[in-house]
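Trainee: These protein sequences, in sequence, are chains X and G.
When we follow the numbering used here, the leftmost residue of the first sequence carries the number 1, and every step to the right adds one.
When we follow the numbering used here, the leftmost residue of the second sequence carries the number 1001, and every step to the right adds one.
By construction, the Cβ of each residue, glycine as well, lies at the ideal position given by its N, Cα and C atoms.
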Amino acid sequence: MGVLVEAKNLYLGYKNEPVIKNANFKVYTKDFVFLTGVSGSGKTTIIKSLYGEVPVLRGSLNVGGIELNGVKKSKISYLRKYLGVVFQDYKLIPEWSVLKNVMLPMLIAGIDKQTAENEAVKLLNKVKLSHKLDKYPAELSGGEQQRAAIARAIIHDPVMILADEPISGLDEYSANLVMDLFIMANREKDITIMIASHSLPQTFNIEYRQIHLEKGQVYELS
Amino acid sequence: MSSLKSHFALIAALVSILISIFLFRLFNDILYRYQQNILNNYSIVIVSEKKITHLDLKEINSIEKIDISKQLNYMKKKFKNIDLSAIKMPYFYKLKLKTMPSPKRLNEIEEYLKSFPSIKRVLTYSSSQTKIYNLLMLLKITSKLFMVIIAVLGFLLIVKQLEVWKLEHNERMYIMELFGAPFWFRGAALFKIAFIDSILALITTFGTIYYMLHSYMYKAVISDLNIQVGLDLKKEALILFVISISISLISSVIVVIGRNR
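And the structure:
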């Protein structure tokens, strides 16, 4: 397995105030990684830095061969086309239908509308939302919105999915469905998965790695 | 409903700017033609002992000799005991001007003409000319000020609209940015709104202009001034179209670039 993410002596934070100090870790292709830690430990900061939203203060952060320390904005846009992001608050476009939301990454990639639509319909079938294609996000439950968000994150076959607290706030049934989708993406599509979560799931039957954050320090536990 | 409001705000702002620009151009044209009308009927009269073919004044359009044979014949008949052929008659000239000089410039022209020893009299009719000049200047300044105020209000409305757009479109553009959407993709919805609204604003503006140009009051004023308005409406439509599209597209580009992070 090749190295997809490599952090060396990494400092991350906002306005020169480091949240993550001197971090060193690696993520390999096809990895399933849990980024754990209490609230405020810097999980979101790391996830955001991986898609270029939080700048690197010091050190090196390499994602898919792109060095993010001092990276140009155009390179960040390029990198994001190869990533899928999932958020706790779903971040679906409220004025777009579920189908159009899922099509978004393919449309950005310049794929024709019909192909994107066919692919989105297939995926929405897989995430058990085929009956909600024309609904707007506000008409869906939290679990349904998160499944739509995952479908959007995997539709363009990204190299890696970054998910920030994707199951917090969901009931157990929805949370399990969402985790199954991540597993499916990892197993069937070989997508590297990195999930920020305050704790590990109770039952989880695939091999995974854990990177733990505590007081701004990063520990690779497995 | 809020979307309709948003459209209406931009269209209203664009219409006010477009109408102010059109009225500014129309007033300028009317004033220019009215000025030309006055200039056609106005001239400086000079009486000179010598023939004049050229004067070094940039305002002079032509020097026309005044034919006084009629007056001479009349005098010959009336004063039979006077031998007019023994009297050397001066030359009378009308100086036609290209532009309407200010009262100050008219005085300078008068002084310049009087500086020639051969020129014995200069009649500028300055008091009536000054009144007309001042009236035209007042109209020009008032109309300019009025148009500028309307245009500024229009721009303020657009600035307000930019703030509304930022709030309305910020979330969608942010999500698109997270997936690496290029600039044109993020702004596509706004560019579409901007284009449609500028077309609607243009139609509304031309409707208003058409109504104004065909109104009884406008026709009566133009006929009283005895002028022909020279604005080409097709050319004006093109100018207003370019201005309308430019303003709305620049506004939407500002929103896309200045998206709040």
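Say whether the segment 151 to 169 of chain X touches the segment 71 to 90 of chain X, bearing in mind that this needs 3 or more beta-carbon pairs closer than 8 Å, one atom from each stretch.
Mentor: yes
Trainee: Just tell me which of X/177, X/114, X/126, X/77 has its CA closest to the CA of residue 142 of chain X.
Mentor: Checked all of X/177, X/114, X/126, X/77; the closest Cα to residue 142 of chain X is X/177.
Trainee: Could I get the ranges of all uninterrupted alpha helix (DSSP H) runs contained in the segment 105 to 137 of chain X, with 4 residues as the minimum, in chain order?
Mentor: 113 to 126
Trainee: Residues bridged to residue 1080 of chain G by DSSP?
Mentor: Residue 1080 of chain G is not bridged to any residue.
Trainee: For residue 93 of chain X, return the contacting residues in chain G, with the cut-off set at a CB-CB distance below 7 Å.
Mentor: 1172, 1175
Trainee: Taking the alpha-carbon of residue 1205 of chain G as reference, which of G/1236, G/1029, G/1067 has the nearest alpha-carbon?
Mentor: G/1236
Trainee: Quick check on residue 1184 of chain G: buried or exposed, where buried means 16 or more other Cβ atoms within 10 Å of its Cβ?
Mentor: Residue 1184 of chain G should be labelled exposed.
Trainee: Taking residue 198 of chain X as the reference, which of X/70, X/167, X/179, X/209 has the closest Cα?
Mentor: Of X/70, X/167, X/179, X/209, the smallest CA-CA separation from residue 198 of chain X is found for X/167.
Trainee: Kindly indicate if chain G contains any beta-carbon less than 8 Å away from that of residue 85 of chain X.
Mentor: Yes, its Cβ sits closer than 8 Å to a Cβ of chain G.
Trainee: Helix, strand or coil for residue 1089 of chain G per DSSP?
Mentor: coil
Trainee: For residue 201 of chain X, go through chain G and note every residue whose CB falls closer than 8 Å to its CB, in chain order.
Mentor: Chain G residues near residue 201 of chain X: none, gap ~25 Å exceeds 8 Å.
Trainee: Please name the residue, chosen from X/188, X/34, X/33, that lies closest to residue 123 of chain X on a Cα-to-Cα basis.
Mentor: Of the residues X/188, X/34, X/33, the one whose Cα lies closest to the Cα of residue 123 of chain X is X/188.
Trainee: Give me the chain X residues within the contact set of residue 1230 of chain G, using Cβ-Cβ distance strictly less than 7 Å, ordered along the chain.
Mentor: Within 7 Å Cβ-Cβ: nothing; residue 1230 of chain G doesn't reach chain X, min ~48 Å.
Trainee: Between the beta-carbon of residue 106 of chain X and the beta-carbon of residue 95 of chain X, is there less than 8 Å?
Mentor: no
Trainee: Please list the partners that residue 81 of chain X has in chain G, where partner means a Cβ-to-Cβ separation under 8 Å.
Mentor: 1179, 1180
Trainee: Spatial neighbours of residue 163 of chain X within its chain, please: C-beta separation below 6 Å, excluding the five flanking residues on both sides.
Mentor: 86, 195
Trainee: Going by DSSP, which residues form a beta bridge with residue 1048 of chain G?
Mentor: G/1091, G/1119
Trainee: What in chain X is Cβ-close to residue 1185 of chain G, meaning under 7 Å?
Mentor: 108
Trainee: What residue does the alpha helix (DSSP H) around residue 1142 of chain G start on, and which one ends it?
Mentor: 1126 to 1178
Trainee: I think residue 23 of chain X touches residue 92 of chain X, with their Cβ atoms under 8 Å apart; what is that distance to the nearest whole Å?
Mentor: Contact flag wrong, Cβ pair sits at about 31 Å.
Trainee: Looking at residue 1095 of chain G: is its Cβ nearer than 8 Å to the Cβ of residue 1063 of chain G?
Mentor: yes
Trainee: Tell me, please, whether the segment 1022 to 1031 of chain G touches the segment 1129 to 1144 of chain G by the rule of three or more beta-carbon pairs shorter than 8 Å.
Mentor: They touch, by the three-pair rule.
Trainee: If you follow the beta strand (DSSP E) that residue 217 of chain X is in, where does it begin and where does it stop?
Mentor: 217 to 220
Trainee: Relative to the alpha-carbon of residue 169 of chain X, which residue among X/39, X/157, X/5, X/89 has its alpha-carbon at the smallest distance?
Mentor: Measuring from the Cα of residue 169 of chain X, the nearest candidate turns out to be X/89.
Trainee: For a contact defined as C-beta to C-beta under 7 Å, what are the partners of residue 78 of chain X on chain G?
Mentor: 1180
Trainee: Between residue 110 of chain X and residue 51 of chain X, what straight-line distance do the alpha-carbon atoms span, to the nearest angstrom?
Mentor: 20 Å
Trainee: Could you tell me which chain G residues have their CB closer than 9 Å to the CB of residue 104 of chain X, listed as they occur along the chain?
Mentor: Here the neighbours are 1175, 1176, 1179, 1181.
Trainee: Enumerate in chain order the residues of its own chain whose CB-to-CB distance from residue 1124 of chain G is below 6 Å, with the five nearest sequence positions on each side excluded.
Mentor: 1044, 1106, 1110
Trainee: Is it a yes or a no for the segment 1238 to 1255 of chain G touching the segment 1183 to 1200 of chain G, going by three-plus beta-carbon pairs under 8 Å?
Mentor: With the cut-off at 8 Å, the segment 1238 to 1255 of chain G and the segment 1183 to 1200 of chain G touch.
Trainee: Starting from the beta carbon of residue 51 of chain X, find every residue of chain G whose beta carbon is closer than 8 Å, and list them in chain order.
Mentor: The answer, in chain order, is 1178.
Trainee: Taking 7 Å as the limit between beta carbons, can you name the residues of its chain near residue 8 of chain X, skipping five residues before and five after?
Mentor: 24, 59, 60
Trainee: Start and end of the alpha helix (DSSP H) containing residue 1197 of chain G?
Mentor: 1183 to 1213
Trainee: Would you mind reading off the limits of the alpha helix (DSSP H) that contains residue 143 of chain X?
Mentor: 142 to 154
Trainee: Per the DSSP calculation, residue 32 of chain X is bridged to which residue(s)?
Mentor: X/193
Trainee: I'd like the span of the alpha helix (DSSP H) that includes residue 1235 of chain G, first residue to last.
Mentor: 1233 to 1257
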